[in-house]
Amino acid sequence: MTETRQQIRIEREGDVAVLVIDNPPVNAMTPDGIVQLVDAIEACDADPAIRAMVMIGDGRSFIAGFDIREFGKNRPAPRKRSYEALDDSPKPVVAAIHGYALGGGLEVALACHYRIAVPSAKLGLPEVALGLLPGGGGTQRLPRLIGAKAALDLITSGRHVPAAEALKLGLIDELVEGDLRQAGIAFARKVAGILPPPRVRDREAKAEASVFDDIRKSIARKAKGQRAPYACIEAVEAAFDRPFEQGEIREIELFREMEGSDESKALRYAFFAEREANKLPDVPKDTPVRPVASAAVVGAGTMGGGIAMCFADFGVPVKIMDATPEALDKGLERVRANYAASVKRGSLSEAEAQARIARITPAQSYEEIGDADVVIEAVFENMALKKTVFADLDRVMKPGALILTNSSALSIDEIATATKRPQDVSGAHFFSPANAMKLLEVVRGAKSSPETIASVMQLGRKIGKISVACGNCDGFVANRSRVPFGTEINILIEDGAMPEEIDRVMTDFGYATGPLAVADVVGQDLSYSVRRRREAENPNARKVPILDRIYEAGRLGTKNGKGWYRYEKGDRTPHTDPEVTQIIAEVRASLGITPRSFTPDEILRRVLFASVNEACRIIDEGIAYRASDIDVMWLYGFGFPRWRGGLMFWADGIGAKAIFDQVSRWEEELGPRWAPAPLLKALAESGTPFREAKPPAKS
Ligand code: T1G
C-alpha cells in the first residue's frame, strides 16, 4: 500500500480555518487529495469554533486541475465529491487564488462561496485542450456565475483568464494586492455572518438568445474533426434546460464519453509529450544555464526578421544586421508590416506594437552586436556563407555568448569548425513564420556543451516556443522526417493524383491547410535551392521534375500569386490553375506514365508511412531522444492535427506490424525508397508501440 501523502492541511487562524492544498509542483488534485479535502471541510463544519474557511494553495499555485495521469484509470467514486462537500457546508468558504486555478481547480473555487485572487493569477477551464470537458460542475456553475456567452467562450477555448478580466467577468469577487492569505482570512471574517453562504449553483441560469448557435458557428473551423468542443456546448446547454442536479448528471455522461475517446487519449498524450521533450537524458536538469537578457540576429530576411520579433515579443532587446543597408531596411520594413497586420487584426494594440518595434535595433556592423548574450545566424542556406558569418561571430562575440544557427538542415559540426568555441555553438531552428510557429528545434553538435543545450532549451521556452532537442544530421529530425512526405506527394502527382486532391485528403485528415498550399506560402524558391544542394551532395537523390518545372515556370508561390495554385491579389485562397495541370500532363508524358487514380486512404498512408519509416531510422540512429519528440515536432512544426496526438501516436493506432507489412509490399511494388527501416521491422516483430521505441544505448 503506497503511503498516502498529506495533501491538505488545516491551519487554525482564530475563528477561521485555512485549508492548505499541498501537492507540488502545481497542486494537481488526486483522488486521495479529494478525499482529504472533503474530510477537512467536514471537520471544519463540525467545529463550532470555526466560523468560516479559506482555501489556498501552497507553493506556486492554487489548484492546476485534476491529475491528468488519473484519466483512463478505474477511479472508485469518492464517498463525496469536493463540490458536494462545499455545497453542503453551512459555513462560507473563500477560495484565495494565486498562480493557476484551472480545470478541477477552478471548479473547486466555483463551488466555494467566494473567490479572491492576486493580479498575477490565471483562471480557466482548459479541459477541451485535453479532448475533455469540465467534469466537476464547471459547465453548470460557470454559466450561472458569468452568463452563458462568457462561459461558452472560456470552456470552448480553454484559455487562461487573467485575474483582472476574471473580476470584470464576475468570476472572482475581489482582486487582492498584498498578502493573499491575510486577505482571505479578512474576507472570510467579513462574510462569516452572511448565512446560509451564497452558492453559485443557486443562481438563475440566464442564456442570451441564439448563444448556442453562435458559438457552434464560431468554433466550427477550429473544432473541425473534434468532438470535445461540441460536448462542452451540450453540457452547458444542460445548465439551461433542466435542474442543476440533472445538468450535473448530463455533464458526467458527456465527460465519461470524452474520457474514453481516442481524441482525448491523443490530446492527453500530446500534453505529456511536450513536457517529456524538456527531459534530456544527457543534460542533467540542474545543468547551469546562461541567462539571456539581450539578443542579436544576423540576416534580416523573412526568417531573421521573424526571429527578431520572437525576442521583441517577449521583452528581450534585439539587434539585427544584414550585409547591406538596403537589405536591413527591407527587413525592418517587413517587421513593421507584420506588427501593423497584427494591430489591424486586433490581436495587438498599437502601443504594444510600437514597444516591440522599439526593442529591435538595426546594427551596421558585427562589432555592434558583440555584447549580446545570444546571436542567431539566419542567412541564406549556404555552408560557405554560414562559415564566414560564424568566423566573424567568433571574432566579435563576448565570451560565453550563445552562437546559434537557424539552419534548417546544414551540419552544425561543420559550421562550428569556423569558430574557436564549438562548445558555445548549436542549432536553433525556427519554423516559418518564425514569429508564429511555436517549434524550436535545438540541434546539438558533437561539441555543443550541455550548458549550451540547456541554455538554448530554456531560451526557447522564454520566448514562447516549445523546445525540442535533437542530434545533428542532414535535415536534423523535423525536416528529415518530413522529406519523404514531400517526395511521396510529388511521386503521387507524377503517377496520377492532382494537387487539390492531395490537399483535400490532408485537410480532411485534420491539417488546417493542405501541404501543397503550405509549400506555396513557404515559397517554391526556398525548396528549389534545398533540392539543388541535396542533389549536389547526393546525385542519386530522387528528382521531383514537376516541382522543378513549377519553379522554373516562375511560379514562386503566394509571394508572386502562383505556385501549385493560382492566387488572387491579396488573397491566399488556392485556385487550381490550368498551367499547372498542363505541366503535370507534360511531365507524366515525358516519363511515359499513364496516370492512375488513388483512394484517399492510399494517398494518406503513402505520405505518412513514408515519414513513419524515416522516423524509425532517425530514432535508430539516436538523432531523436524518443518517438514522442518527433510527435511534438510534427504538432508544432508542421501543424499535424493535435487531436491525433502526432505522427508516431497516430501510427500506433494502426500498429507497427500493419505498417511494416504495407511498407514491405510497397518496397516490392515501388522500389528501394520503401525499404523498411530496421527499427520498424523490429517493432513489428516485438509488438512494441512506436512511442516506446528507444534509440540504441550509447556505447
Ligand atoms: N495533472 C498532472 N500533472 C500536471 C498537471 C495536471 N493537471 N499540470 C501540470 N502537471 C505537471 C506537468 O506534467 C509537469 O510535470 C509539472 O506538473 C509542471 O508542469 C475534473 C477533468 C498549470 C499552466 O489542463 O497547463 O481538471 O514534466 O511544466 O509550464 O474538470 O502545467 O515536471 O514531470 O506545465 O509552469 C485541467 C494542465 C486538468 C492544466 C503550469 N488542468 N497544466 O505550466 O509547468 S483536467 C489542466 C498546465 C481537469 C476537471 C478536469 C500547466 C500549468 P513534469 P508544467 P508550467
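Quick note: the sequence shown uses this note's numbering, first residue 124, plus one each step. Heads up, the beta-carbon is just placed ideally off N, CA and C, and yes, glycines get one too. Being a predicted model, the structure only gives us computed values, none of them experimental.
My understanding is that P607 touches W687, with C-beta atoms under 8 Å, so please give their C-beta distance in whole angstroms.
Not a contact, Cβ separation roughly 19 Å.
Compute the minimum distance between the beta carbon of V842 and the heavy atoms of the ligand T1G, and state whether it is under 7 Å.
Because the chain spans 124 through 822 in this model, residue 842 falls outside it and cannot be assessed.
Continuous beta strand (DSSP E) assignments of at least 3 residues falling wholly in the stretch 380 to 436:
418 to 421
Should R192 be counted as a contact of the ligand T1G given a C-beta to heavy atom distance under 7 Å?
yes
Examine the ligand T1G and report whether any of its heavy atoms sits within less than 7 Å of the Cβ of A846.
This structure cannot speak to residue 846, because the chain is shown only from 124 to 822.
Identify the continuous alpha helix (DSSP H) that holds E193 and give its terminal residues.
Careful: E193 lies outside any alpha helix (DSSP H) and carries neither H nor E.
Please state the DSSP three-state secondary structure of L294.
If DSSP states are grouped into helix, strand and coil, L294 belongs with coil.
Looking at the unbroken beta strand (DSSP E) that takes in T447, where does it start and where does it end?
Counting along the chain, T447 falls outside any beta strand (DSSP E), and DSSP gives it neither H nor E.
How is P723 classed by DSSP in three states: helix, strand or coil?
helix
Please list the segments of the alpha helix (DSSP H) lying wholly inside the stretch 242 to 323, counting only runs of 4 or more residues, in order along the chain.
261 to 269, 271 to 280, 286 to 292, 303 to 314
Using 7 Å as the cut-off, classify the Cβ of L403 as near or not near the heavy atoms of the ligand T1G, replying yes or no.
no
DSSP three-state call for A798: helix, strand or coil?
In the structure shown, A798 sits in coil (DSSP, three-state: anything other than H, G, I, E or B).
In chain order, what residues of the same chain have a beta carbon less than 7 Å from the beta carbon of E617, not counting five sequence neighbours either side?
I669, V710, R711, L714, I716
One question on the structure: do G768 and Y353 come within less than 8 Å of each other, judged by their Cβ atoms?
Going by C-beta atoms, G768 is not nearer than 8 Å to Y353.
S549 in three-state terms, based on DSSP
The answer is strand: DSSP assigns S549 an E or B state.
What do you reckon, are the CB atoms on L455 and A423 nearer than 8 Å?
Against a cut-off of 8 Å, the Cβ pair of A423 and L455 comes out as a contact.
Pull the bridge partners of L500 from the DSSP assignment, please.
It should be pointed out that residue 500 corresponds to Glu in this sequence rather than to Leu. Partner(s): V421, T528.
So A172 is in the beta strand (DSSP E); what residue range does that whole segment cover?
Here A172 belongs to no beta strand (DSSP E), and DSSP marks it neither H nor E.
Taking 7 Å as the cut-off, is the C-beta of P249 nearer than that to any heavy atom in the ligand FAD?
Of the ligands one can find in the structure shown, namely the ligand T1G, none is the ligand FAD.
Pick from G137, R339, D155, I191: whose alpha carbon is nearest that of D170?
G137
Which residues bound the alpha helix (DSSP H) around L562?
That residue, L562, is in no alpha helix (DSSP H); its beta strand (DSSP E) goes 562 to 567.
Nearest CA to the CA of F189: which residue from N663, A774, G259?
Closest by C-alpha distance to F189, out of N663, A774, G259, is G259.
Taking the Cβ atom as the reference point for each residue, do P440 and R482 lie within a distance shorter than 8 Å?
yes
Could you work out which residue in A172, V177, R665 is closest to R796 when comparing CA atoms only?
R665
If you check the beta carbons only, do L290 and A273 fall under 8 Å apart?
Cβ atoms of L290 and A273: not closer than 8 Å.
To the nearest angstrom, how far is the alpha carbon of Q263 from that of V323?
9 Å
The alpha helix (DSSP H) that contains I576, what's its start and end?
573 to 585
Thinking just about the alpha-carbon of each residue, which of G684, A306, D671, T681 is nearest to the one in I706?
D671
Measuring only the C-alpha atoms, how far is A389 from R765?
Distance from the CA atom of A389 to the CA atom of R765, rounded to whole angstroms, is 7 Å.
Hey, would you say the C-beta of Y759 is under 7 Å away from at least one heavy atom of the ligand T1G?
no
C355 to L253 span [Cα, whole Å]
12 Å
Please indicate yes or no: does the CB of E207 lie closer than 7 Å to some heavy atom of the ligand T1G?
no
So, helix, strand or coil for G438, using DSSP?
coil
At a cut of 8 Å, does the stretch 624 to 642 reach the stretch 778 to 796 through at least three beta carbon pairs?
no
For L294, is the beta carbon positioned less than 7 Å from some heavy atom of the ligand T1G?
Distances taken from the Cβ of L294 to the heavy atoms of the ligand T1G include none shorter than 7 Å.
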